[in-house]
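Student: Residue numbers (the numbering used here), protein chains in the order written: chain A, -10 to 484; chain B, -10 to 484; chain C, 6 to 177; chain D, 6 to 177. Yeah, the Cβ is synthetic: ideal placement off N, Cα and C, and Gly gets one too. Got a structure for you, questions after.
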Amino acid sequence: MPKVLIANRGEIACRVIRACRELGLGTVAVYSDADRDARHVWLADEAVRLGPPPSKDSYLRGDLVIAAAQQTGATLIHPGYGFLSENHVFREECDAAGITFIGPSAYAMRQMGVKTTARQTMHAAGVPVVPGSLEPIASLAEAHALCEEIGYPVMLKAASGGGGRGIRILHDAAELPAGFEGAQREAGAYFGDATVYIEKAILNPRHIEIQVLADTHGNTIHLFERECSVQRRNQKIIEESPAAHLSQKTRLAMGEMAVRAAKAVQYVGAGTIECLVDTHENFYFMEMNTRLQVEHPVTELATGVDLVYEQLRVAMGEKLSVRQEDIVQRGHAIECRIYAEDPSRGFVPAPGPLLVYRPPLGPGLRIDDGFGEGDEIPRFYDSMIAKLSAWAPDRPRAIARMDAALARFEIAGFAHNIEHLQQVIASERFQVGPYDTGLVGTLPPLRTTAEDDVLASAFAAIWTHRQRQAQKPQANGDNEGLWQRTARVGGLRAK
Amino acid sequence: MPKVLIANRGEIACRVIRACRELGLGTVAVYSDADRDARHVWLADEAVRLGPPPSKDSYLRGDLVIAAAQQTGATLIHPGYGFLSENHVFREECDAAGITFIGPSAYAMRQMGVKTTARQTMHAAGVPVVPGSLEPIASLAEAHALCEEIGYPVMLKAASGGGGRGIRILHDAAELPAGFEGAQREAGAYFGDATVYIEKAILNPRHIEIQVLADTHGNTIHLFERECSVQRRNQKIIEESPAAHLSQKTRLAMGEMAVRAAKAVQYVGAGTIECLVDTHENFYFMEMNTRLQVEHPVTELATGVDLVYEQLRVAMGEKLSVRQEDIVQRGHAIECRIYAEDPSRGFVPAPGPLLVYRPPLGPGLRIDDGFGEGDEIPRFYDSMIAKLSAWAPDRPRAIARMDAALARFEIAGFAHNIEHLQQVIASERFQVGPYDTGLVGTLPPLRTTAEDDVLASAFAAIWTHRQRQAQKPQANGDNEGLWQRTARVGGLRAK
Amino acid sequence: MATEYRVKRGDKIETVTVLEDRGEIVVVEVDGQRLELAVHALPDGRTAVATPERRVALRALPTKQGLLVVDAHVQRTFEVEDARVSWLAGASGGKGAAGGRVTASMPGRVVRLPVKLDEIVPPGGVVAVLEAMKMENDVRAPGGGKVVEIAVKEGVDVESGALLVRLEPVHD
Amino acid sequence: MATEYRVKRGDKIETVTVLEDRGEIVVVEVDGQRLELAVHALPDGRTAVATPERRVALRALPTKQGLLVVDAHVQRTFEVEDARVSWLAGASGGKGAAGGRVTASMPGRVVRLPVKLDEIVPPGGVVAVLEAMKMENDVRAPGGGKVVEIAVKEGVDVESGALLVRLEPVHD
């Protein structure tokens, strides 16, 4: 059986490695020095070191990835999401090296990867796009002119960006100089292309995307929608499928539009058409992600289709295992992304040691993760720790299941967003719907429950008291183990 | 909202408590002294002690359970499986106390609970039954006469038994006296009724059962079949839905038969019609389990129906949330039961401490458990630790997923059956199918992989070596923590 | 033998007196409120703490920042001091006022320092931009003030808590 | 400084010599086969052990029965002895031959003892019935023999390993 190199890390690398194993394919992991002992390294059959921790020295080094594939005899590369997944140059290098890149052609990646080109292509194919520039914006003066024309607020976006990164909202002309420079710098740093473009900011739209699958035999299908409007920092944190309130008419129209968009670039593999939807259910093409999405589990749970399995089939030249008429949504799926970040301080990343990690188990729950208790969440990469998905026969029960599962999630060692996710899930706007991308901003500041505060304080004193008592009978210097364990508690140092 | 007392322990108590929570119902756990710190006790809103560890002093004490419900204001009791779940006297006591027992009427329980009565009732309703006695067998002489008539091998079964317990196969007349006495003693000890009956033993049949659901508004539906032929000690260890090889014609005929059987006793709630199926797909009613089954997850995964949710709805007087035409099997589900037992010594129970417990997570996997790392598996109850279920779009992929998940299951502290489950899953007979209840018996003796033996031996020496080195620089008596940790290793005692 | 502890959590300081420790029953007084608690170790390393009305399962984890007490995913960090010890050491309490110190809220790389020495920064003004986990994060001076020290350079990696910029209040 | 260990697992005894421990590289000899192993601690408490061909993540758990080495769910129990120590103590080795001793294979209650003193039990014959986890379990004497001691009574609870019945070989 062929061997697949997984050019990624964390949960998505683990997800893909498991899918390969289930198909009987060999697996090769790659890792940076920060990930030497990571889960994906242990899960794969083989593992190859790439380089130092920073992405640009390891996971973004396409040359090293290809060398690792050649060294281990891997004939396919799965890029996951992020890193090299939407890099058409890497795709071409794979082609040149005779390695099958699991994804669309370099042509499709280029057409969709450069957002300005994508907007032009979609516009030409009759797919509605958001008002704004169809061309890249080269200078501040040009940006200024266009913004004045379409009117503030506007969005500055990295032409080669994606995943919510490299996006800035500007509310007036005063913000433009710094914003334009910052957007260019970030775009250059993260996507290797400093080109930015401008779109009219549709404030608080719904963000709904359509999953597509296409094989090399001319079959292109869609797997309905995912509602991704719960965002912070322009990044999704909760997704669901089906969307909470969306007419069947719009759902089908969006599906057809997505198939048309994919066919316009001869798309092959799994991809996503991201759309903005306004209150009248008008939808606009925003961008296409030419890769697997973080939130693919909700589509898998709702449709019963294994997207990674289909990706692997297609890459090996087979037909999709399902036809459009087989795709039926059943029940309701919600995904929550668990991040190492501090919601009380603007969601700043909070890397640290995973001192406690016991995810909730049970009926209708799915965990996608790439860390275990004891692991350190490295600060070099994305701060997502795990994805918790809940499926149930209907939306209210999926919400109740997610709510109960979040409450049971045992995790500690750094700031995380679980209480924030609970707050969103419990909010009336989320529960009743429809909601839009403004949802998170409308919530009151997060307050950690004061319930049990007294029990916790009492326990802190009791625990310390008992540590002290346990030490007392010992002579000085004895009982080193206990001392080492307790001496790190601030209060025990008689400073 | 009403409050539900869960009269059970372990994974099923946790399963039911979670379902209640998702519905917004209050929950009351009960526990024996052996389960004081058990998961189900912590998961529930409230918990009431029943008594000492032995079941007969705690979980089988219907009077204490009812008192606990009254004390906490619980108006419903969910019995789970085993313990009081099929005890019609307990059901009547609940009725008398004004408490809603979540299950069928005492009448239905009596009709089905006494297996001889069930056989008579089903026979009268036109449901095919296995040849044998329609009446209880009172004396050895009577047993002897019947066995001679129907011919050996025969099965001795407890009239009030179930779940594979209290069953003996006798191959010839010489085994009858001891077997009859033993069956009566076990039946008396475990089911409070020493009555036994005799059936012609159909050797190596397939064991296929049909799930039914009925409400108090006259709706009775079936949820298709579960194949439960992988058994050891007459107890199921692997179940799947749909059955591996079963014609759609037989599947539908069995479903109709099951609905007819349930209606014959005015059945209400969730129940299961267990059948023996021969190589020609002739099926015979064996017994009805008037409760939730251990293996209900495979039906939930295949049909998308939440059986515990439906039980709770029905108990509160509502209609089933689904109709017969809504029930569609999608994909394939397999469940493996993880037991604390030693397959190399006839599957003897092996209670002990759960030193390591990290179940596998990921797409398509469901864990139902009631223990956590550090817990002690008590020796007083059933030795099942957890249920691992795998769902995938088709059977080969469900098998591959289960196989990979079992391989990743981290567990230690006592003998368990994971390698045995892997052996069954990997066997050609299981993979190709159809298979029957003889499957486990045809497997060669289990041999723990010798792969990595050398690495393990080397590591044992290295670990010990390093413990010794770490101790050396210390004066005698110092470093108590380390010493305590290592002194328990046999080799370090200079005996 | 009652022992009094000062239990600090953020700005809040409580006095907890352990009046009696009888193993599974512990009597404490928290800011004057007497509590009789059932306390026992759970097999997974957590400790059950219960009053007649309420029970929780808490995990104590000593960390560099203090004693981390975890209830599922709710984390509270305490500094616990024997009241007598800290009195002996002088009743000053608290660490050097954090007022004018702007520190890194996370480990990361300093990508920009948009302030100069002696510059007056308005309250909430950005004094540094840190990059961590692929995001640029603005570091702000909540109270504002005059920049009297810039402790880092652009391009360097800093740990959480590292001093970035020190400010002095501006009186007008 | 090479140190030689006798590593017992069940009936099998191997000699493992730790030739060199250089931290992440350990050189050992297992029954004459020289191995250079990469060894390092994983963050979850397991230890990575690797040869150029193969790597495993093992967990060491000291128990009453010996050192439990766990690889996912594969468990191996070792008794590790410093070869010099056991030589000093006399080279007899092995425990009192288990031949005629029938012991409880699990904790449970003795529900039946179907043998009498001096009775001859055939190989594989049932000498006791134990109840545990709701099941009756036959305890058999693999080699058979004459019953010379019945060490328990019906109705008592026994721990795993407890002597139930002692047999003597029958010569004919």
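Could you give the residue range of the alpha helix (DSSP H) that holds residue 390 of chain B?
Tutor: 384 to 397 is the span of the alpha helix (DSSP H), which, as asked, contains residue 390 of chain B.
Student: Between which two residues does the beta strand (DSSP E) harbouring residue 258 of chain A extend?
Tutor: Where residue 258 of chain A is concerned, the enclosing beta strand (DSSP E) stretches over 258 to 266.
Student: In three-state terms, what does DSSP make of residue 95 of chain D?
Tutor: Below a pLDDT of 50, predicted positions are generally treated as unreliable, and residue 95 of chain D, at 34, falls in that range; no measurement from the model is reported.
Student: For the beta strand (DSSP E) that contains residue 138 of chain B, what are its first and last residues?
Tutor: Where residue 138 of chain B is concerned, there is no enclosing beta strand (DSSP E), although the alpha helix (DSSP H) it sits in stretches over 129 to 139.
Student: Kindly indicate which three-state DSSP category residue 338 of chain A falls into: helix, strand or coil?
Tutor: Residue state, collapsed to three classes: strand.
Student: Identify the continuous alpha helix (DSSP H) that holds residue 77 of chain A and give its terminal residues.
Tutor: Unbroken alpha helix (DSSP H) run through residue 77 of chain A: 77 to 85.
Student: Compare the C-beta of residue 363 of chain B against all C-beta atoms of chain C and say whether one is closer than 9 Å.
Tutor: Yes, residue 363 of chain B lies at the interface with chain C (some Cβ there is under 9 Å from its Cβ).
Student: Please list, in chain order, the chain C residues whose beta carbon lies closer than 9 Å to that of residue 283 of chain A.
Tutor: Under the 9 Å cutoff, chain C gives no residues; its nearest Cβ is about 14 Å from residue 283 of chain A.
Student: Kindly list the residues whose CB is nearer than 7 Å to the CB of residue 41 of chain A, restricted to its own chain and excluding five residues on each side of it in sequence; keep chain order.
Tutor: Cβ neighbours of residue 41 of chain A beyond the five flanking positions: 21, 22, 47.
Student: Residues in its own chain within less than 6 Å of residue 45 of chain D by CB, not counting five upstream and five downstream?
Tutor: Cβ neighbours of residue 45 of chain D beyond the five flanking positions: 29, 53.
Student: Count the other CB atoms within 10 Å of the CB of residue 104 of chain A; is the residue buried (16 or more) or exposed (fewer)?
Tutor: It counts as buried.
Student: Does the beta-carbon of residue 112 of chain A have 16 or more other beta-carbons within 10 angstroms, so that it is buried, or is it exposed?
Tutor: Exposed.
Student: Residue 66 of chain D CB to nearest chain B CB: under 9 Å?
Tutor: Yes, residue 66 of chain D lies at the interface with chain B (some Cβ there is under 9 Å from its Cβ).
Student: On the DSSP letters alone, give me the boundaries of the alpha helix (DSSP H) that residue 112 of chain A sits inside.
Tutor: Its alpha helix (DSSP H) spans residues 104 to 113.
Student: At a Cβ threshold of 9 Å, is residue 463 of chain B touching chain D?
Tutor: Confidence is the limiting factor: at residue 463 of chain B the pLDDT is only 44, short of 50, which leaves the residue's position unreliable, though a coordinate-based value still follows. Not closer than 9 Å to any Cβ of chain D, the Cβ of residue 463 of chain B fails to qualify, so no.
Student: Looking at C-beta atoms only, is the number of pairs between the stretch 216 to 236 of chain B and the stretch 399 to 419 of chain B that lie closer than 8 Å three or more?
Tutor: Enough Cβ pairs lie closer than 8 Å, so yes.
Student: In chain order, what residues of the stretch 29 to 50 of chain C put their CB closer than 7 Å to some CB of chain B?
Tutor: Listed in sequence order: 47, 48, 49, 50.
Student: For the alpha helix (DSSP H) containing residue 179 of chain B, name the first residue and the last one.
Tutor: Its alpha helix (DSSP H) spans residues 165 to 180.
Student: Going along chain C, which residues have a C-beta under 8 Å from residue 340 of chain A?
Tutor: Simply 111, 112, 137, 138.
Student: How big is the Cα-Cα spacing for residue 62 of chain B and residue -8 of chain B?
Tutor: When rounded, the distance between both Cα atoms is 7 Å.
Student: Out of B/77, B/210, B/289, which one is the CA nearest neighbour of residue 182 of chain B?
Tutor: For residue 182 of chain B, the nearest C-alpha among the options comes from B/77.
Student: Compare the C-beta of residue 356 of chain B with all C-beta atoms of chain D and state if any pair is closer than 9 Å.
Tutor: Chain D contact via Cβ: absent.
Student: Taking C-beta to C-beta, are residue 16 of chain A and residue 10 of chain A nearer than 9 Å?
Tutor: Their beta carbons are under 9 Å apart, which means residue 16 of chain A touches residue 10 of chain A by this criterion.
Student: Distance, Cα to Cα, residue 318 of chain A vs residue 202 of chain B?
Tutor: Answer to the nearest angstrom: the Cα atoms are 24 Å apart.
Student: Give me the Cα-Cα distance between residue 31 of chain A and residue 62 of chain D, rounded to the nearest whole angstrom.
Tutor: Approximately 8 Å, taken between the alpha carbons.
Student: To the nearest angstrom, how far is it from the Cα of residue 173 of chain D to the Cα of residue 126 of chain D?
Tutor: When rounded, the distance between both Cα atoms is 10 Å.
Student: What residues are listed by DSSP as bridge partners for residue 55 of chain C?
Tutor: According to DSSP, which records beta bridges pairwise, residue 55 of chain C is partnered with C/43, C/60.
Student: I need the DSSP call for residue 425 of chain A, collapsed to helix, strand or coil.
Tutor: Coil, per DSSP.
Student: Kindly say whether residue 23 of chain D, judged by its beta-carbon, lies nearer than 9 Å to any beta-carbon of chain B.
Tutor: Cβ-Cβ to chain B under 9 Å: yes for residue 23 of chain D.
Student: If we count the other Cβ atoms within 10 Å of its Cβ and call it buried at 16 or more, is residue 200 of chain A buried or exposed?
Tutor: Label assigned to residue 200 of chain A: buried.
Student: Would residue 219 of chain A pass as a contact of residue 429 of chain A if the rule is Cβ separation under 9 Å?
Tutor: The answer is yes: Cβ separation under 9 Å.
Student: Tell me whether the stretch 334 to 350 of chain A and the stretch 105 to 112 of chain C touch, counting them as touching only if at least three CB pairs, one residue from each stretch, are closer than 8 Å.
Tutor: Verdict: yes, contact present.
Student: Can you check whether the C-beta of residue 173 of chain D is within less than 9 Å of a C-beta belonging to chain B?
Tutor: Not an interface residue.
Student: Using a Cβ-Cβ cutoff of less than 8 Å, which residues in the same chain neighbour residue 42 of chain C once the five nearest sequence positions on both sides are dropped?
Tutor: Closer than 8 Å at Cβ, skipping near neighbours: 30, 31, 32, 33, 54, 55, 56.
Student: Mapping DSSP to helix, strand and coil, what is residue 238 of chain B?
Tutor: Helix.
Student: Nearest by alpha-carbon distance to residue 284 of chain B: which of B/376, B/276, B/392, B/114 is it?
Tutor: The shortest C-alpha separation from residue 284 of chain B is found at B/376.
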